[in-house]
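Engineer: Numbering of the sequence shown is given in the working numbering, commencing with residue 13 and proceeding in unit increments. Yeah, the Cβ is synthetic: ideal placement off N, Cα and C, and Gly gets one too. Note that the structure is a prediction, hence the values are computed from the model and not measured.
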Amino acid sequence: MLNMFPEEEPSWEIQLPLHDCNEEELRLSNREEENFRSFRALKESSNNNSVPTQSSKPKPLIQRVPSILRENEDLKKYFEPRVVAIGPLHHGNPRLHQAEKAKLKLAVLFTNEHGICEHVLYKKIKNEIEGLKNCYRKKDIEEYEDEELAWMFFVDGCAVLHAIHCWTHDQQKELNIKVDLLAFARIDLFMLENQLPFQLLDLLMSSVKNREDLRNSINKFINDMITVAAGNEQLPAKEDQEQSHHLLALLRERLLVKSETTPNKDNHWWIGNKLLSCGPKEANKTFRSINELTEAGVCVIPSETSSLRDIHFSVRFLGTLKVPRIVVDDSTGAKFMNLVAYEMCPDFENDFGVTSYLCFLESLIDTARDVKKLRHSGMLLNHMGSDEDVANLFNTITTDLVPDLGTYKQVTDDIRKYCDNTWTTTLAKFWCNYTPQETIISVEERNFHLSNSELEKLGSLEQALDGDSNAQPLIQRVPSILARKKDFQKHFRPKMIAIGPLHHDDPDLQKAEKLKHKLAAYFIKEHGLEKEMLYSKIKMEIGNLKKCYNPKEFEQYYDDDDEKSAGCSFWMVVHFYKQFIYSMLLTKRLQRRSYVI
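(1) Does the Cβ-Cβ distance between K11 and I554 come in under 7 angstroms?
(2) Ends of the alpha helix (DSSP H) at I536?
(3) The beta strand (DSSP E) that contains H324, what's its start and end?
(4) Can you pull the DSSP bridge partners for I487?
(5) What residue does the beta strand (DSSP E) around G331 start on, and which one ends it?
(6) Any idea which residues DSSP pairs P519 with across the strands?
(7) For I189, name the three-state secondary structure that DSSP assigns.
(8) If you reduce the DSSP assignment to three classes, tell me which class N146 lands in.
(9) Can you confirm whether the stretch 90 to 103 touches the stretch 158 to 172 when touching is taken to mean that 3 or more C-beta pairs between the two stretches lie within less than 8 angstroms?
(10) Could you please give the first and the last residue of the uninterrupted alpha helix (DSSP H) stretch that includes L376?
(11) Give me the residue from R496, L212, L370, K135 with the minimum Cα distance to V172.
(12) How many angstroms separate the CA atom of E140 from the CA atom of L216?
(13) Among D412, M508, V220, D382, which one has its Cα closest to the Cα of V402?
(14) Would you list the one or two residues that DSSP bridges to I5?
(15) Which residue or residues does DSSP assign as beta-bridge partners of V312?
(16) In whole angstroms, give me the CA-to-CA distance for A495 and N562.
(17) Who are the Cβ neighbours of C560 in its own chain at under 7 angstroms, not counting the five residues just before and after it?
(18) Whose C-beta lies closer than 6 angstroms to the C-beta of K469 among residues of the same chain, with five residues either side of it excluded?
(19) So, helix, strand or coil for V402, using DSSP?
(20) Go ahead and label S368 buried or exposed: buried means 16 or more other beta carbons lie within 10 angstroms of its beta carbon, across all protein chains shown.
(21) Could you give the distance in angstroms between the alpha-carbon of V327 and the alpha-carbon of D378?
(22) Taking the alpha carbon of K138 as the point to measure from, which residue in S219, E160, G127 has its own alpha carbon closest?
(23) Taking a contact to mean a Cβ-Cβ separation below 7 angstroms, would you say Y354 touches L260 in this structure?
(24) Decide yes or no for the touch test of the stretch 176 to 196 against the stretch 141 to 150: beta carbon pairs closer than 8 angstroms, at least 3 of them.
(25) What span of residues does the beta strand (DSSP E) with N231 cover, start to end?
(26) Do L201 and L638 count as a contact pair if the criterion is CB distance below 7 angstroms?
(27) Taking 7 angstroms as the limit between beta carbons, can you name the residues of its chain near E610, skipping five residues before and five after?
(28) Can you say whether N459 is buried or exposed, counting buried as having 16 or more other CB atoms within 10 angstroms of its CB?
(29) In terms of residues, what are the limits of the beta strand (DSSP E) holding L392?
(30) Does the beta-carbon of K151 have 16 or more other beta-carbons within 10 angstroms, so that it is buried, or is it exposed?
(31) Between N556, R387, T344, N235, which lies nearest to T317 when the distance is taken from Cα to Cα?
(32) Taking C-beta to C-beta, are L187 and N350 nearer than 7 angstroms?
(33) Enumerate in chain order the residues of its own chain whose CB-to-CB distance from Q184 is below 8 angstroms, with the five nearest sequence positions on each side excluded.
(34) Identify, in the order they occur along the chain, each residue of the same chain with its Cβ nearer than 6 angstroms to the Cβ of T180, setting aside the five sequence neighbours on each side.
(35) Give the secondary structure of V383 by DSSP, where H, G and I count as helix, E and B as strand, and everything else as coil.
(36) Nearest to D359 by CA position, among I128, S219, C147, is which residue?
What follows is the structure in structure tokens.
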């Protein structure tokens with residue numbers, strides 16, 4: 013019990029009586045002990061009043077996308093790699109297996125380019141495997157042995173570095189890899205679940221002589237991937253890349269580089285600030301879209317830099333909102349959403365800079381009309397599609413996002429005060445009605461269509477991986493990136509008749525089999541041929557004919573004379589084609605004769 017009249021200075025620590033508890037009652041289960049272990053760790057941390065420095069903060073782990081984003085049906089497509097798996101989280105995905113040969117090829121080219129022994133490099137990675145494993149959640153890598161992880165890191169790390177080097181030195185053609193595969197791979201490198209620890213890349217770079225050249229390649233690659241179109245400034249090269257967690261983190265740091273520009277507070281424009289101060293001190297109206305802002309006399313112009321933090325609002329005769337330029341294309345959604353997912357990781361302490369920027373931009377864009385005005389102002393370059401597509405994109409990717417309200421608070425407060433101010437809005441209407449000057453600055457957009465020479469680089473993926481650029485492409489299934497889209501599937505599936513082995517057993521197409529038999533019989537009869545002789549010729553060439561297809565397409569067929577024989581299938585198809593074409597030509601001849609008659 014507490015001593016109510018202590019002789020010494022009282023201690024205000026309350027101790028609970030334990031006289032009714034014995035040791036057996038205080039014994040905890042393993043699960044309870046685990047709960048108290050984390051409780052005690054948090055208690056010890058809270059008792060330490062020292063504020064952790066930036067360098068002492070633990071690096072966030074490479075992990076899965078937070079479930080609140082992944083469970084959104086409209087967003088989850090942005091987090092799945094399209095063509096290549098990097099690291100352990102998507103390793104072994106059969107949908108991405110096609111790119112494994114390309115990664116191995118790039119790894120070989122990396123070791124050859126720098127003249128280093130692959131065994132020595134692999135051994136270095138294996139010696140550091142524990143540190144590399146600590147960059148991931150244990151549950152995400154527990155199925156892999158150390159040797160398997162070391163080999164994965166070796167191949168993927170070398171492949172990534174060599175691909176970046178070739179991209180930044182315009183050597184993509186030497187890779188002999190399809191242009192579309194390379195384009196999708198660039199996006200896949202910035203998937204949160206596709207990241208490699210930067211300490212792995214640094215370990216590989218430290219093993220080559222031209223380490224600085226590789227570092228500069230990474231800097232240039234990140235700058236080239238910036239979603240916003242830079243102004244005249246050159247983004248500063250970051251010297252301490254080791255502080256970055258991975259490539260996605262480095263991209264975020266580039267986008268949020270501290271702006272060196274400050275809003276113009278020249279006394280020459282004192283009248284605008286004076287008018288703004290005449291309005292209400294508190295903003296009463298909600299934030300407005302670009303279309304409403306321009307009607308209120310706000311002029312939108314591009315910022316001087318590409319930093320997402322370089323957003324300012326000032327008042328001269330009219331309000332001027334400066335926002336960094338942005339290029340919107342098919343990769344914009346994936347890059348921004350993976351940056352948002354990175355900021356939402358529970359172990360990453362940050363200011364939600366990218367999330368706040370997206371929410372601010374979405375507040376400006378309600379409809380396609382807002383996108384059109386942003387295009388005319390030169391702030392937005394649309395390489396994605398229609399203006400409505402762009403508006404839908406930003407309205408979709410900002411669903412359920414929570415920004416840091418303090419990031420652009422000064423800007424939004426000034427805009428609200430401007431729009432609530434009778435003096436400024438009246439002046440804006442007078443200016444727009446009685447002066448010929450446009451409130452929106454128009455700029456000519458660049459044309460980003462591919463040239464003929466670029467289109468000629470398109471070739472077969474199998475050719476690129478096998479190194480044979482002259483081989484004919486195989487007859488194969490539609491690429492999965494198109495085939496799995498439900499809206500596209502109807503365009504790839506035969507509607508009435510199956511030609512060849514890929515749809516041979518489709519029950520919905522069986523009605524046309526009789527037509528094929530009938531036309532083949534007509535062809536043989538018309539030309540007085542022997543069907544046994546023709547079939548034997550096709551069977552003799554069956555090996556070469558099968559080489560025109562992906563081998564797995566013939567796993568269900570046999571080479572003998574039963575109903576599923578590949579020879580029978582080809583025999584029937586060949587005669588069907590010939591008789592069908594012959595019938596079409598005969599019909600045209602009869603039509604011509606009828607015209608003559």
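Structural biologist: Reading from the atomic positions:
(1) Residue 11 cannot be examined here, being either before or after the span of the chain that is shown, 13 to 609.
(2) 525 to 539
(3) 324 to 327
(4) Y561
(5) 331 to 335
(6) Looking at the DSSP assignment, P519 forms no beta bridge with any residue, so it has no partner.
(7) coil
(8) coil
(9) yes
(10) 365 to 376
(11) L212
(12) 12 angstroms
(13) D382
(14) A question about residue 5 goes unanswered here, because the residues of the chain that appear run from 13 up to 609.
(15) L333
(16) 17 angstroms
(17) L486, I487
(18) Confidence at K469 is low in this model, with a pLDDT of 44, below 50, so its placement is unreliable and the value that follows should be read with caution. The answer, listed in chain order, is V191.
(19) helix
(20) buried
(21) 24 angstroms
(22) E160
(23) yes
(24) no
(25) Careful: N231 lies outside any beta strand (DSSP E), inside the alpha helix (DSSP H) at 223 to 236.
(26) With the chain covering 13 to 609 only, the question about residue 638 has no answer from this structure.
(27) Any answer about residue 610 is impossible in this case: the structure gives the chain only from 13 up to 609.
(28) Because N459 sits at a pLDDT of 42, beneath the cut-off of 50, its placement in the model cannot be relied upon, and the following sentence gives the value as read from the coordinates. Under this definition N459 is an exposed residue.
(29) 392 to 394
(30) exposed
(31) N235
(32) no
(33) C178, V191, L194
(34) S229, K232, F233
(35) helix
(36) C147
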